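J.: Its first residue numbered 830, the sequence shown is counted upward by one per residue in the working numbering.
My questions all concern the structure below.
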Amino acid sequence: KGHHIFNPATLGLLVSLGLFGLGDVWWAAAGWNIAGATFPAMALLVVASYRADKLKASVPFLAVVAALYIATGFVPVQFTAAGLFAFASSLPYYGAFIMLSEPKTSPFKPREQAIFGIGVALLYFALDFSSVKYSFFIALLAGNLGYALYRSRQVQPQLQPRQQQR
830 KGHHIFNPAT LGLLVSLGLF GLGDVWWAAA GWNIAGATFP AMALLVVASY
880 RADKLKASVP FLAVVAALYI ATGFVPVQFT AAGLFAFASS LPYYGAFIML
930 SEPKTSPFKP REQAIFGIGV ALLYFALDFS SVKYSFFIAL LAGNLGYALY
980 RSRQVQPQLQ PRQQQR
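Have a look at this one:
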């Protein structure tokens, strides 16, 4: 009905990584700070997410992931300027601002975006904490499936009265 169920890029990456036995340590999935590129690149990613009106999914996702990293000590943080910079560089910005907010597989309504971002963050953290390979991709695809099921339930009640009129 004009919507993808799964984020095509994420599904393609997961299948490719699985087939070729590669790790998901690529520049977009891992925390990266190549010559201080994290924050300038993040600014561009924020602009892209803002223009797509998807910050309401990305920001809650990053906030929950950061809070869980700190609360559990899964990613150590030192409360110094260098320590905070290193911690901030470890967050999955590309995943949050580009992959999570793909327009055809993520919600449009602000409340749904926030719930989607939080749900994917919780699952991502649980999988990552459990050392599940490809945790971000699996969490995002599960979120896509959950949202597709939710969306299909929203459409069905609207279709039934029209079908009864025929």
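Using N, Cα and C, we set each Cβ at its ideal position, and we do this for glycine too.
All of these numbers come straight from a predicted model, not from anything done at the bench.
Which residue from P936, F926 and F908 puts its Cα closest to that of Q983?
T.: Closest by alpha carbon: P936.
J.: Alpha carbons only, please: which of A872, A881 and V894 is nearest the one belonging to I776?
T.: Because the chain is modelled from 830 through 995, residue 776 falls outside the range shown and cannot be assessed.
J.: For V904 and S919, which I take to be in contact (beta-carbon distance under 8 Å), what is that distance rounded to the nearest angstrom?
T.: Contact holds; Cβ gap of about 5 Å.
J.: Leaving out five residues on either side along the sequence, give the residues of the same chain with a beta carbon under 7 Å from the beta carbon of D957.
T.: Result list for D957: S964, in chain order.
J.: With DSSP run on the structure shown, which of helix, strand or coil describes P939?
T.: P939: helix per DSSP, three-state reduction.
J.: Need the endpoints of the alpha helix (DSSP H) that F916 sits in, please.
T.: Per DSSP, F916 belongs to the alpha helix (DSSP H) from A910 to S918.
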